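Student: Okay, handing you the structure first.
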Amino acid sequence: MALPLASPADTAVYGSYRFDTSEPRYRFGGRIAPDGPFPPEPGRYHVYAGWFCPWSHRVTITRALTGLTHVVSVSYVDNERDGRGWAFRESYGPDPVNGFTLLREAYEATEPGFTGLVSVPTLWDRATRQVVSNTHAAIEVDLATRFDAEVDVFPVRLRAEIEALDDWIGPAINHGVAAATTAGPAGTSARAALLDAFARLDERLATQPFLVGDTVTLADIRLWVTLVRYDVGPNADRAIHPGLPEFPHLWAYARRLYTLPAFRDTTDFAAFTRPGAEQPDWTGVSA
Ligand SMILES: N[C@@H](CCC(=O)N[C@@H](CS)C(=O)NCC(=O)O)C(=O)O
Numbered sequence: 001m002a003l004p005l006a007s008p009a010d011t012a013v014y015g016s017y018r019f020d021t022s023e024p025r026y027r028f029g030g031r032i033a034p035d036g037p038f039p040p041e042p043g044r045y046h047v048y049a050g051w052f053c054p055w056s057h058r059v060t061i062t063r064a065l066t067g068l069t070h071v072v073s074v075s076y077v078d079n080e081r082d083g084r085g086w087a088f089r090e091s092y093g094p095d096p097v098n099g100f101t102l103l104r105e106a107y108e109a110t111e112p113g114f115t116g117l118v119s120v121p122t123l124w125d126r127a128t129r130q131v132v133s134n135t136h137a138a139i140e141v142d143l144a145t146r147f148d149a150e151v152d153v154f155p156v157r158l159r160a161e162i163e164a165l166d167d168w169i170g171p172a173i174n175h176g177v178a179a180a181t182t183a184g185p186a187g188t189s190a191r192a193a194l195l196d197a198f199a200r201l202d203e204r205l206a207t208q209p210f211l212v213g214d215t216v217t218l219a220d221i222r223l224w225v226t227l228v229r230y231d232v233g234p235n236a237d238r239a240i241h242p243g244l245p246e247f248p249h250l251w252a253y254a255r256r257l258y259t260l261p262a263f264r265d266t267t268d269f270a271a272f273t274r275p276g277a278e279q280p281d282w283t284g285v286s287a
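Just so you know, we're using UniProt numbering here: the sequence shown kicks off at 1 and counts up by one.
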């Protein structure tokens, strides 16, 4: 029998998505660890992701790059949402693990009566039938470090440097792009911080192929998911500046990463491109 799907998103009927803001936003923070309730067993965990979502994208790139596609499964919610929250529709198919039509059902199965935020990525445990985590930072690190990874994207010797980069790239770029599109003094200062961070990275990437060390790490994955959305999302109308190609080393680096299957195959431009946005040429560079 075919797995069920949610009806189309309809805010006229279901309203806009709302949740109990007195709850912490990212309520589940379980970790995969050998000595804990969620041991790293192949085939046990599933990631509910969204193609539109940069935080999900970090997890799906990490999973692909480390060769865990047969170890941890993934499926995608629809890009649209109404009052029922993220849902499984024709766009990307049903929920292959539980047959839920709404992601909310996973949270309710974990905690009956749950009223907090239902977000992607969500890590699900098949064995105990519960949400392990909806905290992307924990999910990406656990996938990178707790299984038999083909490539180490979070090497112990580079972790301090990777996290130090995140300390300024996170606020200025990953979280900064949204603020950079706003009017008023906060927008002006977010734009300055963003362009300053791009310039700093451009300089760094003039002399090295990756942000840290000589291969792709979590630092590159974290930055890239924002770069790939930038000129077709927050900067689609070029209101912040003319676009990433203005930073030639950063732009060449971003396009080089796009040639890697783990980056390319986890990217669906249609899921995050604003209508009418002009798309820079992401192809034409060899690895
Ligand atoms: N900072 C979050 C990122 C997750 C996130 O914001 N996911 C978005 C989609 S990109 C979501 O599902 N948000 C639900 C909402 O904010 O209403 C985390 O730590 O996991």
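All C-beta atoms, glycine included, are put in the ideal place defined by N, C-alpha and C. Keep in mind that this is a model prediction, so the values were computed, not measured.
1) Nearest to L102 by CA position, among G43, A87 and A109, is which residue?
2) Would the region 23-32 count as touching the region 134-146 if we require 3 or more Cβ pairs under 8 Å?
3) Along the chain, where does the alpha helix (DSSP H) that runs through T283 open and close?
4) Could you tell me whether the Cβ atoms of T266 and H57 are closer together than 8 Å?
5) Is any heavy atom in ligand 1 found nearer than 7 Å to the beta carbon of L65?
6) Can we say the region 49-68 touches the region 110-124, given the rule of at least three CB pairs closer than 8 Å?
7) Nearest-angstrom Cα distance between E163 and L201?
8) Tell me whether H249, by its Cβ, gets closer than 7 Å to a heavy atom of ligand 1.
9) Is the Cβ-Cβ distance between L195 and H241 less than 8 Å?
10) DSSP puts L102 in a beta bridge; with which residues?
11) What are the start and end residues of the alpha helix (DSSP H) that includes T196?
12) Near W224, what residues of its chain come up, given a Cβ to Cβ distance below 6 Å and the 5 sequence neighbours on each side ignored?
13) Can you tell me whether L227 sits near ligand 1, meaning its C-beta is under 7 Å from at least one heavy atom of the ligand?
14) On the DSSP bridge list, what partners appear for A49?
15) Among T11, L5 and L68, whose alpha-carbon lies nearest the alpha-carbon of E150?
Tutor: Reading off the structure:
1) For the purposes of this step, residue 102 is taken as the residue at position 102 of the sequence shown. Of the listed residues, the one whose Cα sits closest to L102 is A87.
2) yes
3) Locating residue 283 in the sequence shown gives position 283, counting from the first residue. Here T283 belongs to no alpha helix (DSSP H), and DSSP marks it neither H nor E.
4) Here residue 266 refers to the residue found at position 266 when the sequence shown is read from its first residue. Here residue 57 refers to the residue found at position 57 when the sequence shown is read from its first residue. Cβ atoms of T266 and H57: closer than 8 Å.
5) The sequence position of residue 65 within the sequence shown is 65, counting from 1. Result no, Cβ not under 7 Å from ligand 1.
6) yes
7) Residue 163 sits at position 163 when you count from the first residue of the sequence shown. Residue 201 sits at position 201 when you count from the first residue of the sequence shown. Using only the alpha carbons, I get a separation of about 15 Å.
8) The residue given as residue 249 occupies position 249 in the sequence shown. It does not: the Cβ of H249 is nowhere closer than 7 Å to a heavy atom of ligand 1.
9) As a working note, residue 195 is residue 195 in the sequence shown. As a working note, residue 241 is residue 241 in the sequence shown. Result yes, Cβ atoms of L195 and H241 sit closer than 8 Å.
10) Here residue 102 corresponds to residue number 102 of the sequence shown, with the count starting at 1. Looking at the DSSP assignment, L102 forms a beta bridge with A87.
11) Residue mapping note: residue 196 aligns to position 196 of the sequence shown, counting from 1. One detail in the question is off: residue 196 reads as Asp in this sequence, not Thr. Residues G184 to R204.
12) Taking the sequence shown and counting its residues from 1, the one referred to as residue 224 is at position 224. Only L257 meet the Cβ criterion.
13) Within the sequence shown, residue 227 is the residue found at index 227, counting from 1. Answer for L227: no, Cβ out of range of ligand 1.
14) The residue given as residue 49 occupies position 49 in the sequence shown. According to DSSP, A49 bridges with Y76.
15) Position 150 of the sequence shown, counted from the first residue, corresponds to residue 150. Considering only alpha carbons, the answer is L68.
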